[in-house]
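What follows is a single structure, written as structure tokens, with notes after it.
Residue numbers (the working numbering): 2 to 433.
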């Protein structure tokens, strides 16, 4: 019996890939999927290579795994490999196998060959061993990206945008619901563009969500990563009318200076973003907003940065994250001459986060006495639980909701809560 262990780094999209990789070895009498690294015969590391911090983490994990678990064959896959395969092979020859995306279809046999095994099944994104809790799962609806934003290497790593077939996605969602999944999180690199690469103009994100909304057993449907220009009035109206779709708008805007947005090769303008946020607030009951920003992009002056700060002060987000600009080879931004000093990037990031702390607290206080449908995600102690609702995403970036209840619950129970207290990032609630 060959023990297989997998380490998954990076985003939720990578998590879905990792789940499909585990399925390659599931129910095979010659392999056993294990979480025990010390007993592993083969350790697969699914890497991220999006920004410098992610690359450093991936390299550290590779070396740490090689040093601590010398009994195992180490196989490395994912975005880092796709970007730097030649260099990695030369620099870290101790790795048993490097697998790039083009070899994913027959990945299982490449790994099995190390152990003189053959005839394993092919990689299939819809055949997965779920690593998420039994009540929650991701639904990855497309691959790649065709936006070529000035700061982002994803199109060069993952290739151009392409949607998965709608019938396959509906079938996958139904399978997940039949397994007891109550919370479905729709993800993609460019979620709002779903279906636009098909000839059928009736296939788009709204059409997909309407079909998902019909599936019995699903209680929560959350959509992550929507570019502002792709959020239509019809999509907003449907999110508001659906009993399953959370009123959670994850809209990465990256900046608010039109000069910087243009240099980033974004399609948005500040005025359009402001109008969109206003429209959502007018149309949707108790919307929750999340965004990500980049500070220190080449050419960002103090004037640009102050414009961004003013925008954040005037247009509150419940959840906000800030990245320091990472110079990625091959991208437009890496060619620009006006690179910003690292200490300036750090100072600007810290300023935004201090500002966001005040805003987050203000927005959290507005939620006191609001009622939400929620799902039990953890039991802490007697009568105390963690729950999730339209306020927070399962990716661990948003704050926690601490629940006090006289009822006994198990993970995945659906309940109604009322927010009673607020802090900078977290909320407290009672069951009603």
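Built from N, CA and C at the ideal position, the CB exists for glycine as well.
By the three-class DSSP mapping on this structure, what secondary structure does residue 242 have?
helix
Just curious, the alpha helix (DSSP H) that residue 313 is in, first and last residue?
303-315
Measure the Cβ-Cβ separation of residue 356 and residue 313 and say whether it is below 8 Å.
yes
With the cut-off set at 8 Å, would you say residue 223 and residue 394 are in Cβ contact?
yes
Quick check: what's the CA-CA separation for residue 121 versus residue 113?
8 Å
Spell out a yes or no on whether the segment 252-260 and the segment 296-315 are touching, meaning 3 or more CB-CB pairs, one atom from each, closer than 8 Å.
yes
Taking the alpha-carbon of residue 365 as reference, which of 7, 158, 428 has the nearest alpha-carbon?
428
Helix or strand or just coil, what does DSSP make of residue 320?
strand
Using only the alpha-carbon positions, how far apart do residue 422 and residue 359 sit?
Going from the Cα of residue 422 to the Cα of residue 359 covers about 16 Å.
Would you decide whether residue 425 is buried or exposed? Buried here means 16 or more other CB atoms lie within 10 Å of its CB.
Its Cβ having fewer than 16 others within 10 Å, residue 425 is exposed.
Compute the distance between the beta-carbons of residue 10 and residue 43, then report whether it is under 8 Å.
no
Can you tell me where the beta strand (DSSP E) holding residue 382 begins and where it ends?
Boundaries of the beta strand (DSSP E) harbouring residue 382: 372-382, taken from the DSSP string.
Would you give the residue range spanned by the alpha helix (DSSP H) that residue 66 belongs to?
53-69
Can you tell me which of the three DSSP states residue 358 falls into?
helix
What first and last residue would you give for the beta strand (DSSP E) that runs through residue 142?
Per DSSP, residue 142 belongs to no beta strand (DSSP E) and is neither H nor E.
Bridge partners for residue 48 per DSSP, in chain order?
79
Is the beta carbon of residue 141 less than 8 Å from the beta carbon of residue 189?
yes
Roughly how many whole angstroms lie between the Cα atoms of residue 32 and residue 7?
13 Å
Which first and last residues belong to the alpha helix (DSSP H) in which residue 22 is found?
13-24
Is there at least one non-hydrogen atom of the ligand MN closer than 7 Å to the beta-carbon of residue 209?
The ligand MN is absent from the structure shown, which contains no ligand whatsoever.
Considering Cα atoms alone, identify which of 90, 28, 344, 183 is closest to residue 413.
183
With respect to the alpha helix (DSSP H) encompassing residue 41, which residues constitute its N-terminal and C-terminal limits?
Looking at the DSSP string, residue 41 is not in any alpha helix (DSSP H), and its letter there is neither H nor E.
Closest by CA to residue 93, which one among 115, 217, 62, 111?
62
Between the Cα of residue 180 and those of 211, 137, 291, 29, spot the shortest distance and give me the residue it belongs to.
Closest by alpha carbon: 137.
Using the C-alpha atoms, what's the distance from residue 262 back to residue 268?
For residue 268 and residue 262, the distance between alpha carbons rounds to 8 Å.
Thinking just about the alpha-carbon of each residue, which of 170, 147, 152 is nearest to the one in residue 331?
152
Around the Cβ of residue 232, are there at least 16 other Cβ atoms within 10 angstroms (buried) or fewer (exposed)?
buried
I'd like to know if residue 36 contacts chain B, where contact means its C-beta is closer than 8 Å to some C-beta of that chain.
The structure shown contains no chain B; it holds only a single protein chain.
Under the three-state reduction of DSSP, which class applies to residue 107: helix, strand or coil?
Note: residue 107 maps to helix in three-state DSSP.
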